[in-house]
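Number of protein chains: 2
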Amino acid sequence: MASSVRPKLPKNYELIYEIVQASGIGRHLTPSDIFAKAHKRRPGIGFSTVYRGLERLCELGLVSELNVPGVGAATYEPSGPRHAHFRCSACGGIEDVAYAIPPRTLKTLALQHGFKIATERVTFEGRCAACSF
Amino acid sequence: MASSVRPKLPKNYELIYEIVQASGIGRHLTPSDIFAKAHKRRPGIGFSTVYRGLERLCELGLVSELNVPGVGAATYEPSGPRHAHFRCSACGGIEDVAYAIPPRTLKTLALQHGFKIATERVTFEGRCAACSF
DNA sequence: TGTGAAAGTGAAAATCACTCTCAGCCCTTC
DNA sequence: GAAGGGCTGAGAGTGATTTTCACTTTCACA
């Protein structure tokens with residue numbers, strides 16, 4: 150997909166991208182996770198480089214940042230089709246949910262309020278199947 | 150609504166509740182804002198009390214916590230009808246948006262995935278009317 | 001009213017995620 | 001191969017939040 154036209158990146162950024170990609174959609178890595186993995190492959194890489202890389206990759210749309218309330222750190226995942234997230238308030242686990250607000254709804258809201266919507270984030274909270282008992 | 154049956158709260162928590170209530174729906178206060186206001190009314194109140202109070206009030210459903218990506222601190226607002234939020238990526242302003250995911254959709258998703266949805270958070274991001282030019 | 005247990009409290013320190021700065025390095029371009 | 005710009009790592013700094021602890025208040029019940 151986007152990889153075919155993506156601009157050349159510094160090799161550390163490539164590394165970060167690979168790590169996030171390798172985690173697969175649905176896995177959610179914190180910057181520290183990513184730093185840990187990156188550090189194994191390229192000891193000496195700095196924390197700031199990881200943050201900078203993630204920021205850049207987000208701008209390019211190659212990875213998505215995910216901010217879940219109640220979780221200290223932001224998490225990152227490979228960017229893919231729009232979807233929502235579900236967080237279990239009991240075990241803290243995060244699941245992907247195949248749901249996106251219909252484009253028509255977005256359009257209507259944007260018109261009503263006079264703003265331009267670039268992204269939407271939907272997070273559900275409750276108890277996952279395993280914690281429901 | 151919930152106020153009629155709400156359990157008796159320690160007076161500091163009442164104070165915090167009043168402050169958030171007084172801000173009105175659509176205003177978004179950070180813990181520091183709340184602390185500042187609380188401190189005026191009851192000098193000597195501690196920061197930890199404010200955090201503890203907010204946590205409790207959230208649990209009771211009397212106030213809602215709002216975590217907006219890119220904003221350092223969490224913000225709080227009186228709990229009211231379900232609604233979404235819009236954050237302008239240019240000016241950082243936050244607006245309320247009268248939108249909630251239809252209950253039927255929630256039900257379907259919950260059934261599909263086997264979890265119980267207690268709350269949903271919807272945040273849009275883009276440019277507000279004033280920053281659109 | 002007296003009493004013990006439980007809950008609440010404030011201050012300060014600790015933690016945690018994240019940002020900033022800066023001097024040096026590397027890679028491209030010419 | 002020299003110049004310049006982007007990239008880099010380390011470490012200090014920042015700001016939000018949590019934890020801890022000793023003390024106080026509240027409450028149910030005798």
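Chains as they are written, first to last, in my numbering: chain A, 150 to 282; chain B, 150 to 282.
Just so you know, even glycine gets a beta-carbon here, dropped at the ideal spot from N, CA and C.
Identification of chain B residues near G263 of chain A by a Cβ-Cβ cut-off of 8 Å yields C277, A278 and S281, ordered along the chain. Between the alpha carbons of F184 of chain A and V199 of chain A lies a gap of roughly 6 Å. With distances taken between CA atoms, H177 of chain A lies nearest to A:R236 out of A:P252, A:N161, A:E204 and A:R236. Among the residues of chain A, none has a CB under 9 Å from the CB of Y225 of chain B; the nearest is roughly 12 Å distant.
Counting only unbroken stretches of 4 or more residues, the alpha helix (DSSP H) elements lying wholly within the segment 152-203 of chain B are 160-172 and 180-190, in sequence order.
At least one C-beta of chain B is nearer than 9 Å to the C-beta of I266 of chain A.
Our two residues, Y225 of chain B and H232 of chain B, have alpha carbons roughly 14 Å apart in a direct line. Within chain B, the residues whose beta carbon sits less than 9 Å from that of P218 of chain A are E214, L215, N216, A223 and R270, listed in sequence order. Note on geometry: alpha-carbon atoms of R253 of chain A and A279 of chain A lie some 35 Å from one another.
Assignment of beta strand (DSSP E) within the segment 202-231 of chain B, counting only whole runs of 3 or more residues, yields 212-215 and 224-227 in chain order.
In the three-state reduction of the DSSP assignment, A233 of chain B falls in the strand class, which pools E and B. In the structure shown, A267 of chain A falls within a strand segment according to DSSP collapsed to helix, strand and coil.
For a Cβ distance threshold of 8 Å, nothing in chain A lies close to L209 of chain B: the least Cβ distance comes to about 15 Å.
Around N216 of chain A, the same chain offers A223 as residues with beta carbons nearer than 6 Å, after the five sequence neighbours per side are excluded.
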